[in-house]
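**Student:** Attaching a single structure in structure tokens format; questions to follow.
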Amino acid sequence: MADRTWNPHAFEVRKVHQEIGFKLDQDEEKLQLFNKYFFRDLSNFEYKIELLKNGEIAAAGSVGGMNLPPRNSSQISLPFKIPTDSTAEYRIHVQALLIEAEGLMLSRNIAG
Numbered sequence: 297m298a299d300r301t302w303n304p305h306a307f308e309v310r311k312v313h314q315e316i317g318f319k320l321d322q323d324e325e326k327l328q329l330f331n332k333y334f335f336r337d338l339s340n341f342e343y344k345i346e347l348l349k350n351g352e353i354a355a356a357g358s359v360g361g362m363n364l365p366p367r368n369s370s371q372i373s374l375p376f377k378i379p380t381d382s383t384a385e386y387r388i389h390v391q392a393l394l395i396e397a398e399g400l401m402l403s404r405n406i407a408g
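The following block contains the structure:
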């Protein structure tokens, strides 16, 4: 836009072009990561995981870098238990953060 505010379509493009896929396995309480990159591993990323209860952070944790080769998947254990409370809405929010700077992206920047 002319005033440089983000157009809502930009958020959709950001999600579609995301190079790390996440899928929750509720039975085992694990998070599956899929490396969508074709030529790079995920060793320069750490993952910040938050459990939101009705939009508020109820629990949080992080998982350090892992050397996941291109086009492969791996599972990581969640740093918290998934509640079975049915009176609230729960969501898991995952962010991939750069450990070290890459080009124009500074360390601790959200990737994708």
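The sequence shown runs 297 to 408 under our numbering. The beta carbon of each residue, even a glycine, is placed where N, CA and C say it ideally should be.
Taking the CB atoms as reference points, tell me whether LEU320 and ILE388 lie closer together than 8 Å.
**Tutor:** Locating residue 320 in the sequence shown gives position 24, where the first residue counts as 1. Locating residue 388 in the sequence shown gives position 92, where the first residue counts as 1. A contact, by the Cβ cut-off of 8 Å.
**Student:** Within its chain, find whatever has a CB closer than 7 Å to the CB of SER255; leave out the 5 residues flanking it on each side and keep chain order.
**Tutor:** Residue 255 lies beyond the stretch modelled for the chain, which goes from 297 to 408, so this question has no answer here.
**Student:** Just checking, does the stretch 374-392 make contact with the stretch 344-364 on the three C-beta pairs under 8 Å criterion?
**Tutor:** The stretch 374-392, when compared against the stretch 344-364, does touch it at the 8 Å Cβ threshold.
**Student:** Are PHE318 and LEU393 touching if we call contact CB-CB under 8 Å?
**Tutor:** The residue given as residue 318 occupies position 22 in the sequence shown. The residue given as residue 393 occupies position 97 in the sequence shown. Taking 8 Å as the Cβ cut-off, PHE318 and LEU393 do not qualify as a contacting pair.
**Student:** So who's on the other strand from PHE334, going by DSSP bridges?
**Tutor:** Here residue 334 refers to the residue found at position 38 of the sequence shown. Partner(s): none; PHE334 has no beta bridge.
**Student:** Helix, strand or coil for HIS389? Go by DSSP, reduced to three states.
**Tutor:** Along the sequence shown, one-based indexing puts residue 389 at 93. It is a strand residue.
**Student:** Would DSSP call PHE341 helix, strand or coil?
**Tutor:** In the sequence shown, counting from the first residue as 1, residue 341 sits at position 45. DSSP places PHE341 in strand when its eight states are reduced to three.
**Student:** Once the 5 residues before and after TYR409 are set aside, which same chain residues still bring their CB inside 6 Å of it?
**Tutor:** This structure gives no information on residue 409, because the portion of the chain shown stretches from 297 to 408.
**Student:** For the beta strand (DSSP E) holding PHE376, just list the boundary residues, first then last.
**Tutor:** To locate residue 376, count along the sequence shown from 1; it is residue 80. PHE376 -> no beta strand (DSSP E), and no H or E assigned at all.
**Student:** My output table needs one value for ALA354: the three-state DSSP class, helix, strand or coil.
**Tutor:** Translated into the one-based positions of the sequence shown, residue 354 becomes position 58. DSSP places ALA354 in strand when its eight states are reduced to three.
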